[in-house]
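Everything below concerns the one structure shown next.
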Amino acid sequence: MPLDVTVERLIPLPPATVAAYAMDWRHDCEWTRGIRTAALTREADTGGFGVGAEVTRTARFLGRSFSYVLRVARHDPPTVLDLVCVAGPMPMRVTFTFEPTQSGTFARIRVRGGPRLVGPLMARRVRAALIADLRALEARLTR
């Protein structure tokens with residue numbers, strides 16, 4: 003059974019503020035747990051960051067270091083950023099959504115992975131990392 007983990011957090015800021023920071027690959031290392039480096043390695047066909055752009059990340063997770071490439075499949079600021087892994091040790095899709103609420107922004111991260119990421123232990127570890135990511139995002143933006 004493939005991995006499918008979603009975490010959510012209410013951040014007391016407008017979606018435009020939260021999404022502008024979270025969707026900017028240049029901030030990945032600042033709030034995304036385990037990311038050591040992130041670089042725009044392919045621009046979108048229209049230039050810059052958008053659909054078709056690729057970000058290469060190096061990360062450390064479960065004691066292992068690895069690199070992977072995420073391609074932007076959907077980029078609709080300030081509501082959705084959908085990334086698909088096109089190179090790396092495992093198939094993966096990461097979707098960020100930002101919904102307005104009366105209290106701020108309902109931020110959500112969903113990670114889906116192929117059969118190699120199966121198991122309740124892996125799901126718990128991914129969930130814990132994503133919860134920490136959203137906490138770090140909020141802390142960065144509200145201090």
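Residue numbers (the numbering used here): 3 to 145. The beta-carbon is built from N, C-alpha and C at its ideal position, and this holds for glycine as well. A quick note: this is a predicted structure, and the numbers were derived from the prediction, not measured.
| task | Quick one: measure Cβ to Cβ for leucine 143 and leucine 15, integer angstroms, because I've assumed they're closer than 8 angstroms. | result | As a working mapping, residue 143 is identified with position 141 in the sequence shown. As a working mapping, residue 15 is identified with position 13 in the sequence shown. About 6 angstroms separates the two Cβ atoms, so the contact holds.
| request: Compare the beta carbon distance of leucine 83 and arginine 73 with 8 angstroms and say whether it is the shorter of the two. | output: By 1-based counting over the sequence shown, the position of residue 83 is 81. By 1-based counting over the sequence shown, the position of residue 73 is 71. No, Cβ-Cβ distance for leucine 83 and arginine 73 is not below 8 angstroms.
| said: Out of Phe51, Glu56, Ala61 and Glu45, which one is the CA nearest neighbour of alanine 131? | reply: In the sequence shown, residue 131 corresponds to position 129, counting from 1. Here the closest residue by C-alpha is Ala61.
| Which residue or residues does DSSP assign as beta-bridge partners of threonine 39? | For the purposes of this step, residue 39 is identified with residue 37 of the sequence shown, where counting begins at 1. In the DSSP output, where bridge partners are listed per residue, threonine 39 has Thr60.
| request: Can you say whether proline 80 is buried or exposed, counting buried as having 16 or more other CB atoms within 10 angstroms of its CB? | output: Mapped onto the sequence shown, residue 80 falls at position 78. So proline 80 ends up on the buried side.
| For the beta strand (DSSP E) that contains proline 124, what are its first and last residues? | Within the sequence shown, the letter at position 122 stands for residue 124. Per the sequence shown, the amino acid found at residue 124 is methionine instead of proline. That residue, methionine 124, is in no beta strand (DSSP E); its alpha helix (DSSP H) goes 122 to 144.
| Exposed unless 16 or more other CB atoms sit within 10 angstroms - verdict on phenylalanine 68 | Locating residue 68 in the sequence shown gives position 66, counting from the first residue. Answer is exposed; the Cβ neighbour count stays below 16.
| field | Status (buried if at least 16 other CB within 10 Å, exposed otherwise) for proline 17 | value | Your numbering for residue 17 matches position 15 in the sequence shown. Buried, since its Cβ has 16 or more Cβ neighbours within 10 Å.
| query | Rounded to the nearest angstrom, how far is the Cβ of valine 20 from that of alanine 109, given a contact under 8 angstroms? | reply | Residue numbering aside, residue 20 sits at position 18 when the sequence shown is read from its first letter. Residue numbering aside, residue 109 sits at position 107 when the sequence shown is read from its first letter. Yes, valine 20 and alanine 109 are in contact; Cβ-Cβ is about 6 angstroms, under 8 angstroms.
| Residues that DSSP places opposite leucine 72 in a beta bridge | Walking along the sequence shown from the start, residue 72 turns up at place 70. Leucine 72 pairs with Val57 and Cys87.
| The alpha helix (DSSP H) enclosing proline 102, as first and last residue numbers | Position 100 of the sequence shown, counted from the start, is the residue given in the question as residue 102. Per DSSP, proline 102 belongs to no alpha helix (DSSP H); it is in the beta strand (DSSP E), 94 to 103.
| query | Are the CB atoms of valine 7 and valine 128 nearer to each other than 8 angstroms? | reply | In the sequence shown, counting from the first residue as 1, residue 7 sits at position 5. In the sequence shown, counting from the first residue as 1, residue 128 sits at position 126. Taking 8 angstroms as the Cβ cut-off, valine 7 and valine 128 qualify as a contacting pair.
| glutamate 10 lies in the alpha helix (DSSP H); which residues open and close that run? | Mapped onto the sequence shown, residue 10 falls at position 8. Glutamate 10 -> not in any alpha helix (DSSP H); beta strand (DSSP E) instead, spanning 5 to 13.
| request: For the alpha helix (DSSP H) containing alanine 46, list its first residue and its last residue. | output: Your numbering for residue 46 matches position 44 in the sequence shown. Unbroken run through alanine 46: none, as it is neither H nor E.
| query | With a Cβ-Cβ cutoff of 8 angstroms, do glycine 52 and histidine 77 count as a contact? | reply | Walking along the sequence shown from the start, residue 52 turns up at place 50. Walking along the sequence shown from the start, residue 77 turns up at place 75. Contact: yes.
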